[in-house]
Structures are given as structure tokens and as C-alpha cells.
Amino acid sequence: MGDWEGVRLHVVTGKGGTGKTTVAGALAMALAAGGRRVLIAEVEERQGLAQLFDVPPLAYEEHRVASAPGGGEVFALAIDAREAMHEYLAMFYRLGRAGRALDKLGFVDFATTIAPGLRDVLLTGKAYEATRRRTGDHYAYDAVVLDAPPTGRVVRFLDVTTSVSSLARVGPINRQANSITDLIHSPRTAVHVVTLLEDMPVQETADAVADLQAAHIPVGAVVVNQVRPPHLAARSLPAARRGRLDHDDVLAGLRAAGLPASDGVVDLLVREAADHAERTALEEAQRALVDDLGRPVYELPRIADGIDPTALYELADALAEQGAV
Amino acid sequence: MNPGPRAAKPAHFDVDRLIDDRRIRIVVTCGSGGVGKTTTAAAIALRAAERGRKAVVLTIDPARRLAQSMGLSELDNTPRAVKGVDVEAGGSLDAMMLDMKRTFDEVVEDHTTPDRARQILANPFYQALSSSFAGTQEYMAMEKLGQLRARSDWDLIVVDTPPARSALDFLDAPERLGSFLDGRLIRLLGGTARAGGRTYLKLLHAGFNVVTSTLTKILGGELLKDVSTFVNALDTMFGGFRERAEQTYALLKRPETAFIVVAAPEHDALREASYFVDRLSRDAMPLAGLVLNRVHASDAAGIGAEQAVAAAERLESSGSHALTAALLRLHADRLKLAARDERIGERFSAAHPEVPVTRIPALAGDVHDLDGLREIGELFDAR
């Protein structure tokens, strides 16, 4: 078993543009490998999972979207606050006329878009329900992966009681929020943060890790996404960065390879190398900051041709090899 | 139908012409998170100021270093002069960060008696609403924009939009909050059963008790009490909220406003950009163009990606010229990235041929000072 034995709810967050949905998908595939059932859920009504797994838009219903190596299955769900509210009302109250009246008055709108925190209780509540659901004496899912809001909003999203308990101090919403809080603050949950080796995403990752820790929410791994292959040997980097690579050596190489060899081509390649070395140096500094966070770090390669379901298998393998499952 | 020949290249989005046009008074940058929206807004404002506009940039939740680059150290809702701006052309640049709670408080204070305002500000429901409702930030950004426009200190306002779930939230949230605060439910919650008309009264007779007792069951009596006190204290302001939201919305439709959609060459970001472009055109809102950030540009210099990889493989298996082989692999990677960015950009332009586009190349480092912003501004001009 990997680093997250006993974790049932994997929450994946990250700054916008870091690829958190892709990483969540790869993690779900990795967790499902070897015959397990995993649910991946999104909460932002973006249909990111349908895009990722290349399936038709998801409804408020769990659908099998992929099979993992060794017979495992990944199911996906787009959690919708309105549907969750209706389900919630139906579950707790047998509402006939009153339910319709509530809807007409705009109560569902109120609860799902306006009332502070209620929306988040409904969204995390559904993930909570799926995490605990049983069929017979087994859990319905071996693990649940939640593609959560970006780093800037994730703590408020997960820390539902703080926002709700000051409002709904008693009653079923309050009780629901309390059970969710118990799960989210327990070792059965891990919040993984996705980053790129760039200044702002790393800064936001550090902020999110600090905020999660302050809220006593268990922080999982930091996933460094879109890592470029290190084509240039480390010892050539300093010279490359200053644009001082051996011009004649490169020219001779081009000739040996039977390529157009001119000073112009060499200059272009040397400029590209300088740019690459500059980025590598920046990335190394950012990587040191990531390491300082003291969390397990996984690296995922940049997929040059874009993400498709095949690429997900590759990323899932990379996570498994590094001990994520 | 056969696919036609390669789509014509979209028109170049001339940012300089836009910011030099004195009739343009408001520029709104929108797009999904992580595409460099705030940086773009700041770079546009700086460039406009240095080309002679009296500009103010309203940022929402900027990254710390970007805020520092403009000398913003706190969220204090006050536009402050940015130091280090070249004012030779007669322009100036102020910058501010939105304090959403403070803005909401001010709206309340402006519209009611000091006594009532105190009551409202102390109400737990109001406090939650003004600090954590997902749409409050959007609503207050609009509100602030309206306030800045009403003053005559600036001739150009650049507004960054909040990092929303969807870029469309910026347009929809104010309306949602406005109709809620103005709507039937809140009056029912507040126990002021005045508005509505006949259907509403019928509904009341039919279900009032069931509804309130259900609400009490779901939300708890305390919350209903807070909402009720809040609504009653706010009574005088009803109508005001919706009206203000509508006014700002109308402002956004005027020809003095220009929307700039910001995206990165990623499917998600461009999908969001597409939604936004469709929405703007449906609502007849003035879209100026698309800024496509972080585009990998590349010069093949006569060596294509596949050719470079094949040559690198040959050199590697021959065991010599390791440096050239490495450089060729780097070159191939760059070309592949550039080709991918190009494809993604073309797909957007095929769907929206009418939208002018400007491409900003991927920079090696992040922007953290005015020079960095200035450099981006210069890239607006490069074709």
C-alpha cells in the first residue's frame, strides 16, 4: 500500500490552471488499479470530468467512466447543489406542497446560491454520503476523490461548520455540517495540493498548506504537475544560461546529424537553451520551496500533446510508482 | 460539407488603439482562474497611464507580489497613486484592492439611518452574507466600479474580475443577489408579507405555516430570526439593491466599456473564454478582444520537430555530440508546444472569427515589479 492507507476521501485542490482536475482523474485511476471501485466527484459545474474522461456531460448520477488496470472501475459524478438540495429535502422530509412552495419562493435558489455556506454543506455533504455509503457489509466505494475548488477557496469550502454553525446554530443543516466536519478533520481525509514550479502557484500552495494546517484539516501530498524533461545535463546549465555553450561543437553536431548547419541555427538553439536553463533555475528554486513544506511530493510529466484518457493511465502509473497508492 | 481551407487568421487585437481611445472609460478583464487576468489588467492600466490616461486599476484578490509591484500592501478600498509610473505623457496610475465587506458596509451606511445601519452591521446573517456569500465579491466589484465611475478623478477604469467558478458569475451574481434581497422569499423570511400580489397571497394562505415550519426545521429557528431582523432593518433599502445592480449592468453595455477576455492556450481556459464571448454577444456587451497569454512561440529555423527528434536519436546512438542532441530535443519540445498552442488558438478563432486576438509569449519568470508589467505592455504592441 502507498502513502495514504486508511484515507477514504482524497480532496484535490490547486491554483487555477495547474491541472487539478487532471491530477484528480489520474489519482482516481491509480486508486482503482487492481480491482477497486473509486468515485471521482466534481463540484464546480464545469463538466471538467466529462472532458477529461471523454464521455458525454455528467448528470447528478454516478456513471462508470473508465476501467483501471487489473479490473478496477472509476465512477464519476457532477455534484450539483440544486439537485443535492432536492435530494436532501426528499431524504429528510416528505415534502409535498411545502416542497413545491419552497421552490416557487426561490428557497432552493436561496439555499444553493445565496445563503452563505449552505451550498458548500450540500456539495461536501454529497461527497460525505458517498464516502460512507455501504452495499451489504462493504463500502460502496473503496475511495472517493473530490475535485475541489481552487486553493484560494478550498479551506472555506471544506471548513463548512465555521461558516454554517454561526448561522444555523441548531437543526439538521447544523448536524449535517458537524458530521462532514468530523470526516474532513479525521485521518480518513487527505487534501492534496497541485502546483506548477512557478512563483504564484507555489506561493498559493504554501498559503493553502498553512491555512489547511491552521484549520486542522489533514494535508496530503503536493503534486508537482507538468514537469519538463531535463534534456540538458546539469553541468551544461550554467554555461547555457549565460549563452556560452560551445558554438563550434553544436555546429559540428548539426553537420554530423546531416542538418542545415549555419551560425543562425546555432544561435537559435543556444538562445533556446539559455531560456530553458533560465526556467530550470527558477524551477529549482521553486522546487526547494515545495520541499520545505515537508509533505510527500509527487512529480507528473508534462504531456506535450495534451491530456486524453491514454495520458491519464500514464499519469496514474507515475503516481503509483512514486508511492501515492 | 467539406472543411474549408485553413481558417483565416483572426484580426490582431490592437490594445494600444483601445487604450488611446478617449471614449473608452472602462476596461473589464475577464476569464477563468490562473490565466494571468490580474497581471493583464495591471499591465494594461500601466501602459494606458504611461500613454497619457488618468487610469485607476481595481484589483480583486491579486497575488501578493503583483500587489507589491504596484505598491499595494493592504486591502483598504482606497485608490492610491502607484509610484514609479512615467507621467511625462500627462497620465497617472492609481491602484486599489477591493475590500468586499467594507464596500457592502458602505452601501448599507449610505442608504439608511445610522441607527439602522448599526443594527444591520451587527446582524449575524448580514455578517455572513457580506463576508462569505460566493457572489458578494462580484456584486461589490460592480458596486465599486459604479462608485469609481461616478467620480471624476480618472478617465479610464480598468477592472479585474473575481476568480470565480465561472467567468460568467461576474455578470450573474449581482443580479442574483439583487433579486434575492429584493425578492419574495426574503420578505417571507422577514415576515413582511406585503409585496407579491394575489398569487403570493394565495400561496401564503395555502402554505405559509408549512413553509415556515419547514424552514425552521431545516435551517433552525435562530437563523430565521436573524434573517427576519436583518430584513426588517433593511426594509428601507429594498429596491435599492436591485436598482444599483441594474445600473451597473447598464453601464457595462455602454460603448464606453470594453471587455477583454483573457485566456491561456489550454482547453479549459479557452472553453470558458468561449462561453464568455457568447454571453457578451447575447447581451450586446462590447467585447474588444482576446488576450491569449503564455503562448509558446517558436522559430523552426528550417528544422522541424520530427526532424530534430530523429537527428537527436541518430546522434545519441552514435555516442557523440551529446550537447547538440540535447539542444535538438529542446528545440523539438518547443516546436511541439508551439504547435499545440497554435492548434488550440485556431480552434477558438474558428468558432469566433470576429474576435480579434493578441498573443503574449510565455515569459521565463513571473512578474513582480513595474518593469515586468511594462514589458508585458510592450508585448501588446508586438505582432
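Chains A and B are the protein sequences, given in the same order.
Following my numbering, the residues of the first sequence are numbered contiguously, the last one being 360.
Following my numbering, the residues of the second sequence are numbered contiguously, the last one being 526.
In this text, a Cβ means the ideal position worked out from N, Cα and C, and glycines have one as well.
Beta carbons nearer than 8 Å to chain A: which residues of the segment 465 to 482 of chain B have them?
So the close ones are A465, L466, T467, A468, A469, L470, L471, R472, L473, H474, D476, R477, K479, L480.
If you check the beta carbons only, do V452 (chain B) and A469 (chain B) fall under 8 Å apart?
For this step, residue 452 (chain B) is matched to residue 309 along the second sequence. For this step, residue 469 (chain B) is matched to residue 326 along the second sequence. No; because the gap between Cβ atoms is not below 8 Å, this pair is not in contact.
For the segment 308 to 319 of chain A, which residues have a CB atom closer than 8 Å to at least one CB atom of chain B, in sequence order?
Within the segment 308 to 319 of chain A, the qualifying residues are A308, D310, H311, E313, R314, L317.
Does any C-beta atom of chain A lie closer than 8 Å to the C-beta of V178 (chain B)?
Taking the second sequence and counting its residues from 1, the one referred to as residue 178 (chain B) is at position 35. Answer yes: the Cβ-Cβ gap between V178 (chain B) and chain A drops below 8 Å somewhere.
Using beta-carbon positions only, say whether G358 (chain A) and A271 (chain B) come within less than 8 Å of one another.
The residue labelled residue 358 (chain A) in the question sits at position 323 within the first sequence. The residue labelled residue 271 (chain B) in the question sits at position 128 within the second sequence. Contact annotation: G358 (chain A) and A271 (chain B) have beta-carbon atoms that are not nearer than 8 Å.
Specify the secondary structure class of G432 (chain B) as computed by DSSP and reduced to three states.
Here residue 432 (chain B) refers to the residue found at position 289 when the second sequence is read from its first residue. Of the three classes helix, strand and coil, the one that applies to G432 (chain B) here is strand, per DSSP.
If I follow the unbroken alpha helix (DSSP H) through T183 (chain B), where does it start and stop?
Working through the second sequence from its first residue, we reach residue 183 (chain B) at position 40. Its alpha helix (DSSP H) spans residues 180 to 193.
For chain B, is any of its Cβ atoms less than 8 Å away from the one on R167 (chain A)?
The residue you call residue 167 (chain A) lines up with position 132 of the first sequence. It does not: the Cβ of R167 (chain A) has no partner Cβ on chain B nearer than 8 Å.
Does any residue of chain B bring its CB to less than 8 Å from the CB of K50 (chain A)?
Translated into positions along the first sequence, residue 50 (chain A) becomes position 15. Proximity of K50 (chain A) to chain B, defined by a Cβ-Cβ separation below 8 Å, is satisfied.
Kindly indicate the opening and closing residues of the beta strand (DSSP E) around R502 (chain B).
Stepping through the second sequence from its first residue, residue 502 (chain B) is reached at position 359. Run containing R502 (chain B): 500 to 504, per the beta strand (DSSP E) assignment.
Can you tell which of B:G520, B:R166, B:V170, B:G176 has its C-alpha closest to the C-alpha of E239 (chain A)?
Sequence index remark: in the first sequence, residue 239 (chain A) carries index 204 (1-based). Nearest Cα to E239 (chain A) within the set B:G520, B:R166, B:V170, B:G176: B:G176.
Taking the CB atoms as reference points, tell me whether L201 (chain B) and D303 (chain B) lie closer together than 8 Å.
Taking the second sequence and counting its residues from 1, one reaches residue 201 (chain B) at position 58. Taking the second sequence and counting its residues from 1, one reaches residue 303 (chain B) at position 160. Taking C-beta atoms as the reference points, L201 (chain B) and D303 (chain B) count as a pair closer than 8 Å.
Starting from Q238 (chain A), find everything on chain B with Cβ-Cβ shorter than 8 Å and list it in chain order.
Walking along the first sequence from the start, residue 238 (chain A) turns up at place 203. Correct list: A206, R207, R208.
Tell me whether S112 (chain B) is buried or exposed, calling it buried when 16 or more other Cβ atoms sit within 10 Å of its Cβ.
For chain B, the structure presents residues 144 to 526; residue 112 (chain B) sits outside this window and is missing.
Anything in the segment 395 to 420 of chain B with a Cβ closer than 9 Å to a Cβ of chain A? List those residues in chain order, please.
From the segment 395 to 420 of chain B, only A407, E409, H410, D411, A412, R414, E415 have a Cβ closer than 9 Å to chain A.
With a threshold of 8 Å between beta carbons, is G233 (chain B) in contact with chain A?
As a working mapping, residue 233 (chain B) is identified with position 90 in the second sequence. Chain A contact via Cβ: absent.
Would you mind telling me which residues of chain A sit closer than 7 Å to A444 (chain B), beta carbon to beta carbon, in chain order?
In the second sequence, counting from the first residue as 1, residue 444 (chain B) sits at position 301. Correct list: G299, V300, L303.
Can you tell me where the alpha helix (DSSP H) holding E313 (chain A) begins and where it ends?
Stepping through the first sequence from its first residue, residue 313 (chain A) is reached at position 278. Per DSSP, E313 (chain A) belongs to the alpha helix (DSSP H) from 298 to 327.
Name, in chain order, the residues that DSSP records as bridge partners for L181 (chain A).
Working through the first sequence from its first residue, we reach residue 181 (chain A) at position 146. Note: L181 (chain A) sits in a beta bridge opposite A:V46, A:A76.
By the DSSP assignment, the beta strand (DSSP E) with L236 (chain B) in it spans what residues?
The residue given as residue 236 (chain B) occupies position 93 in the second sequence. Residues 235 to 240.
Which term fits P264 (chain A), buried or exposed, when burial requires 16 or more other beta carbons within 10 angstroms of its beta carbon?
One-based indexing of the first sequence puts residue 264 (chain A) at position 229. Flag for P264 (chain A) reads exposed.
Is the segment 68 to 80 of chain A touching the segment 180 to 198 of chain A in the sense that three or more CB pairs, one from each, lie closer than 8 Å?
The segment 180 to 198 of chain A makes contact with the segment 68 to 80 of chain A, as at least three CB pairs between them are under 8 Å.
Can you tell me the Cβ-Cβ gap for D509 (chain B) and E233 (chain A), rounded? I've got them flagged as a contact below 8 Å.
The residue you call residue 509 (chain B) lines up with position 366 of the second sequence. The residue you call residue 233 (chain A) lines up with position 198 of the first sequence. Yes, they are in contact, since the Cβ atoms of D509 (chain B) and E233 (chain A) sit about 6 Å apart, within 8 Å.
Applying a beta-carbon distance threshold of less than 7 Å, which residues of chain A neighbour G508 (chain B)?
The residue you call residue 508 (chain B) lines up with position 365 of the second sequence. Within chain A, the residues near G508 (chain B) are L317.
What residue from A:G206, A:I252, A:P236 has the CA that sits closest to T224 (chain A)'s CA?
As a position in the first sequence, residue 224 (chain A) is number 189, starting the count at 1. Just measuring C-alpha positions, the residue of A:G206, A:I252, A:P236 sitting nearest T224 (chain A) is A:I252.
For the beta strand (DSSP E) containing P336 (chain A), name the first residue and the last one.
As a first step, residue 336 (chain A) must be located in the first sequence, where it is residue number 301. First-last of the beta strand (DSSP E) with P336 (chain A): 332 to 336.
Of the residues that make up the segment 445 to 461 of chain B, which ones have a beta carbon closer than 9 Å to any beta carbon in chain A?
G445, I446, Q450, A451, A453, A454, A455, R457, L458, S461
Applying the 10 Å Cβ sphere with the 16-neighbour rule, what's the burial state of K345 (chain B)?
In the second sequence, the residue the question calls residue 345 (chain B) occupies position 202. For K345 (chain B), the predicted model reports a pLDDT of 47, less than 50, meaning its position is unreliable and no value from the coordinates is stated.
Please confirm whether L84 (chain A) has its beta-carbon closer than 8 Å to some beta-carbon of chain B.
In the first sequence, residue 84 (chain A) corresponds to position 49, counting from 1. No, no contact with chain B.
Which runs of the beta strand (DSSP E) fall wholly inside the segment 390 to 475 of chain B and span at least 3 residues, in chain order?
400 to 406, 430 to 438
Using a C-beta to C-beta distance shorter than 7 Å, which residues of chain B count as neighbours of M235 (chain A)?
Residue mapping note: residue 235 (chain A) aligns to position 200 of the first sequence, counting from 1. Those are A206, D509, listed as they occur along chain B.
Under 7 Å Cβ to Cβ from P104 (chain A), same chain only, skipping five residues before and after it: list those, please.
Numbered from its first residue, the first sequence carries residue 104 (chain A) at position 69. Only A68 meet the Cβ criterion.
Measure from the C-beta of L522 (chain B) to each C-beta in chain A and report whether the shortest distance is under 8 Å.
Numbered from its first residue, the second sequence carries residue 522 (chain B) at position 379. By this cut-off, L522 (chain B) is not an interface position.
Residues in the segment 277 to 292 of chain A with C-beta within 8 Å of chain C's C-beta atoms, listed in sequence order?
No chain C appears in this structure, whose protein chains are A and B.
Could you round the C-beta distance between A232 (chain B) and E193 (chain B) to whole angstroms and report it? I think they count as a contact, below 8 Å.
Along the second sequence, one-based indexing puts residue 232 (chain B) at 89. Along the second sequence, one-based indexing puts residue 193 (chain B) at 50. Rounded, the Cβ-Cβ distance is 6 Å, consistent with contact.
Quick one: residues in its chain with C-beta nearer than 8 Å to the C-beta of H266 (chain A), no 5 flanking neighbours on either side, listed in chain order?
Within the first sequence, residue 266 (chain A) is the residue found at index 231, counting from 1. Closer than 8 Å at the Cβ level, and outside the excluded window around H266 (chain A), lie H311.
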